[in-house]
Amino acid sequence: MPLIYSNMQLSEVVEEHPSLIPVINRFGIRLGLADKTVQEVCGQYHIDTDFLLVVINTFLNEEYFPEKKLQAFHTSQIIDYLTKTNIDYQRHQIPNIERHLGSFVSLSASAGNNSVALIGKFFASFKTKLTDRIDKDTTEWFPYCLNLSEKLGKLQSSKQESCLLNLPEQQIDNSLEALLTDLKSLIIKHISGEYNENLCYAVIFSIASLEKDIRQQDRIRYRILAPMVSAMEKLSL
């Protein structure tokens with residue numbers, strides 16, 4: 004897929020790739036983009052153009068992942084974006100799936116299809132796991148990363164003490180994406196009986212969108228943020 008550049012009209016990019024709407028929303032960008040280029044929109048919203056482009060291109064292109072470019076950004080930029088991503092999941096994407104899924108399960112059950120109850124339970128377990136990870140991000144992992152970055156800055160001129168907080172190392176965890184993949188497969192392969200096809204499509208589409216979103220953001224989480232923190236820990240010793 005061709006890369007997005009700063010001189011392109013952002014409205015045309017979003018028209019071609021509507022899945023970018025929640026991504027640009029995390030930067031505070033709202034629709035009504037007129038004919039402004041990516042750079043002009045970034046100037047309007049006081050956003051780092053290079054960082055937005057790296058995130059957009061990483062999201063759109065599975066094979067695009069400029070690790071050196073991402074590592075050049077400040078830790079706080081990456082954490083701010085991942086924090087806003089978590090907020091988007093909780094405030095928008097999860098409620099959107101729940102709304103479609105609730106209607107789908109309710110109407111299908113009333114039509115005598117009892118197999119859809121399992122789908123609701125499966126999604127509930129995913130939501131619990133995602134919520135737990137977001138809680139740990141908010142209370143442990145992200146504060147640790149920011150604290151380490153701040154203390155490292157202070158220690159660059161004088162290494163008088165270690166700023167390690169003995170937080171367990173982040174392990175790559177693909178279980179959230181796997182749960183959504185299994186849920187999507189469960190619906191596609193094993194749904195039976197009477198059900199609303201439009202609602203079924205809406206559920207599958209929203210699950211697939213979140214699945215891709217989590218996969219792309221986890222690349223930033225585990226291949227950029229975690230190694231950056233590991234490097235800072237070594238420098239702070």
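Counting the sequence shown from 1 gives a position; our numbering is that position plus 3. Every residue gets a Cβ at the ideal spot worked out from N, C-alpha and C, and that includes glycine. In this text the structure is predicted, and so the values were computed from the model without any measurement.
Less than 8 Å between C-beta atoms, sequence neighbours within five positions excluded: which residues of the same chain meet that for residue i?
{"i": "D91", "result": "P25, N28, R29"}
{"i": "L85", "result": "D140, F145, Q220, I223, R224, L228"}
{"i": "E70", "result": "R226, I227"}
Nearest to residue i by CA position, among the options, is which residue?
{"i": "I50", "options": "P69, Q74, E101, D83", "result": "D83"}
{"i": "H77", "options": "C45, L228, L183", "result": "L228"}
{"i": "K215", "options": "A75, A181, E143", "result": "A181"}
{"i": "D176", "options": "L189, I217, N10", "result": "I217"}
{"i": "L73", "options": "V58, M4, L213, L189", "result": "V58"}
{"i": "R136", "options": "E70, K124, N89, H95", "result": "N89"}
{"i": "L213", "options": "K71, Y198, K130, S233", "result": "K130"}
{"i": "Q93", "options": "D138, A75, L56, I32", "result": "D138"}
{"i": "Q80", "options": "H20, M4, E143, L55", "result": "L55"}
Is residue i buried or exposed, if buried means 16 or more other CB atoms sit within 10 Å of its CB?
{"i": "H103", "result": "buried"}
{"i": "R224", "result": "buried"}
{"i": "M231", "result": "buried"}
{"i": "S111", "result": "buried"}
{"i": "Y204", "result": "exposed"}
{"i": "T40", "result": "buried"}
{"i": "E19", "result": "exposed"}
Compute the distance between the beta-carbons of residue i and residue j, then report whether it is under 8 Å.
{"i": "L133", "j": "L179", "result": "yes"}
{"i": "S209", "j": "I100", "result": "yes"}
{"i": "L63", "j": "F126", "result": "no"}
{"i": "Q12", "j": "D38", "result": "yes"}
{"i": "I7", "j": "V17", "result": "no"}
{"i": "L202", "j": "F107", "result": "yes"}
{"i": "E236", "j": "L149", "result": "no"}
{"i": "L34", "j": "V44", "result": "no"}
{"i": "Q42", "j": "N10", "result": "yes"}
{"i": "V206", "j": "I191", "result": "no"}
So, at 7 Å on beta carbons, what are the nonlocal neighbours of residue i in its own chain, with the 5 sequence-adjacent residues on each side left out?
{"i": "I222", "result": "Inspection of the sequence shows that residue 222 is occupied by Arg rather than by Ile. Closer than 7 Å at the Cβ level, and outside the excluded window around R222, lie T61, F68."}
{"i": "T238", "result": "Checking the displayed sequence, the identity of residue 238 turns out to be Leu instead of Thr. Counting only Cβ-Cβ distances below 7 Å, and skipping sequence neighbours, we find L155."}
Does any residue of chain D have a CB that is nearer than 8 Å to the CB of residue i?
{"i": "S212", "result": "No chain D is part of this structure, which consists of one protein chain only."}
> What alpha helix (DSSP H) runs, 4 residues minimum, are completely inside the segment 91 to 147?
Replying inline: As far as the segment 91 to 147 is concerned, its whole alpha helix (DSSP H) runs of at least 4 residues are 97 to 113, 119 to 139.
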